[in-house]
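Notes follow the structure.
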């Protein structure tokens with residue numbers, strides 16, 4: 001295809017060979033191979049010049065486009081200019097980080113890389129590695145165990161959100177008050193106790209859970225309207241609890257949760273575009289953590 005493209009531009013075997021920095025005999029051999037494969041003369045001599053056949057003219061555009069695309073693909077991992085980049089990145093993400101990270105990341109990218117677009121995909125423990133290995137996502141962010149390359153973005157913590165007018169509670173909550181309340185918790189597995197209840201049960205404590213949901217929105221909405229305590233990730237509480245008219249405070253029972261991680265496949269480790277994106281994510285996460293309200297103020 002390279003020889004064909006050069007011949008279409010130069011319409012001369014000698015000039016095409018010089019353009020490709022090969023011998024004239026090698027260029028002639030390439031053309032002979034093309035004629036045999038395509039069963040067409042491709043270029044014929046008319047007077048003193050070579051002219052493309054109808055088939056050659058029909059192939060010229062698609063061949064040029066294919067070579068341009070191949071060149072772009074080969075250069076994609078070698079250079080990345082955020083000012084001019086036109087690229088789609090696919091991020092696998094959990095519900096918490098989708099609502100905490102993505103709005104801030106999109107805002108950041110609008111000024112630093114206006115041509116970059118993001119596609120968000122939900123991930124689970126069961127699907128994250130499969131999606132990374134299949135190339136369905138470029139990287140994964142969340143509290144998910146993965147066998148891919150990765151790093152910890154921050155340690156997880158939770159907060160208690162409630163409507164003080166309905167619950168007749170004031171922050172901070174004591175251990176006894178928290179355990180005596182009714183609860184709404186996050187659950188990705190259908191287990192009514194969720195990850196919070198599982199962590200408490202591991203140390204011999206049970207919760208009166210009335211709502212378990214895979215997303216924090218119904219938990220906060222329920223806490224706005226009912227006398228229940230919604231236990232959600234602290235960053236979710238800080239950003240969204242006030243929008244529901246809720247106060248939030250530290251959970252009175254220390255628990256250890258898996259950290260929030262960023263993982264990516266080995267093939268993406270040296271891709272300069274993805275290296276750049278991972279740096280942007282680190283920067284945005286750092287800003288979010290720096291601006292996280294002190295929970296004691298609640």
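Residue numbers (full-length UniProt numbering): 1 to 298. A virtual CB, placed ideally from N, CA and C, is assigned to each residue, including glycine. All values reported here derive from a predicted model rather than from experimental measurement.
Simplified DSSP state of residue i, which is helix, strand or coil
i, result
"residue 13", "helix"
"residue 33", "helix"
"residue 248", "strand"
"residue 208", "strand"
"residue 88", "strand"
"residue 123", "coil"
"residue 67", "helix"
"residue 297", "Any reading at residue 297 must be qualified, since the residue scores a pLDDT of 39, below 50, and its modelled position is unreliable; no value is offered."
"residue 150", "strand"
"residue 93", "strand"
"residue 1", "coil"
"residue 230", "strand"
"residue 139", "strand"
"residue 191", "coil"
"residue 263", "strand"
"residue 173", "coil"
"residue 203", "coil"
"residue 280", "helix"
"residue 110", "helix"
Residues sharing a beta bridge with residue i, DSSP
i, result
"residue 45", "50"
"residue 21", "Residue 21 is not bridged to any residue."
"residue 186", "213"
"residue 162", "247"
"residue 117", "88"
Pairwise C-alpha distance: residue j and residue i
i, j, result
"residue 9", "residue 118", "38 Å"
"residue 65", "residue 59", "10 Å"
"residue 246", "residue 229", "10 Å"
"residue 284", "residue 239", "15 Å"
"residue 5", "residue 39", "17 Å"
"residue 16", "residue 36", "19 Å"
"residue 175", "residue 233", "18 Å"
"residue 292", "residue 68", "46 Å"
"residue 178", "residue 235", "20 Å"
"residue 137", "residue 90", "5 Å"
"residue 24", "residue 7", "12 Å"
"residue 255", "residue 197", "11 Å"
"residue 160", "residue 62", "60 Å"
"residue 231", "residue 214", "12 Å"
"residue 86", "residue 116", "5 Å"
"residue 27", "residue 3", "7 Å"
"residue 83", "residue 274", "15 Å"
"residue 13", "residue 22", "11 Å"
"residue 171", "residue 192", "26 Å"
"residue 46", "residue 29", "21 Å"
"residue 223", "residue 244", "8 Å"
Rounded Cβ spacing between residue i and residue j (contact assumed at less than 8 Å)
i, j, result
"residue 140", "residue 132", "6 Å"
"residue 42", "residue 31", "7 Å"
"residue 50", "residue 11", "5 Å"
"residue 148", "residue 264", "6 Å"
"residue 194", "residue 181", "Between residue 181 and residue 194 the Cβ distance is about 15 Å, and since that is not below 8 Å, they are no contact."
"residue 120", "residue 151", "About 20 Å; that fails the 8 Å criterion."
Three CB pairs or more closer than 8 Å across the region 181-193 and the region 201-220: Counting Cβ pairs under 8 Å, three or more are found: they touch.
Segment contact flag, the region 164-172 with the region 277-288, C-beta cutoff 8 Å, min 3 pairs: no
The region 199-212 touching the region 118-128, judged by at least three CB pairs closer than 8 Å: no
Cβ pair count under 8 Å reaching 3, the region 83-102 against the region 46-62: no
Touch test, the region 150-162 against the region 255-270, Cβ-Cβ under 8 Å, three pairs minimum: Cβ pair count under 8 Å is three or more, so yes.
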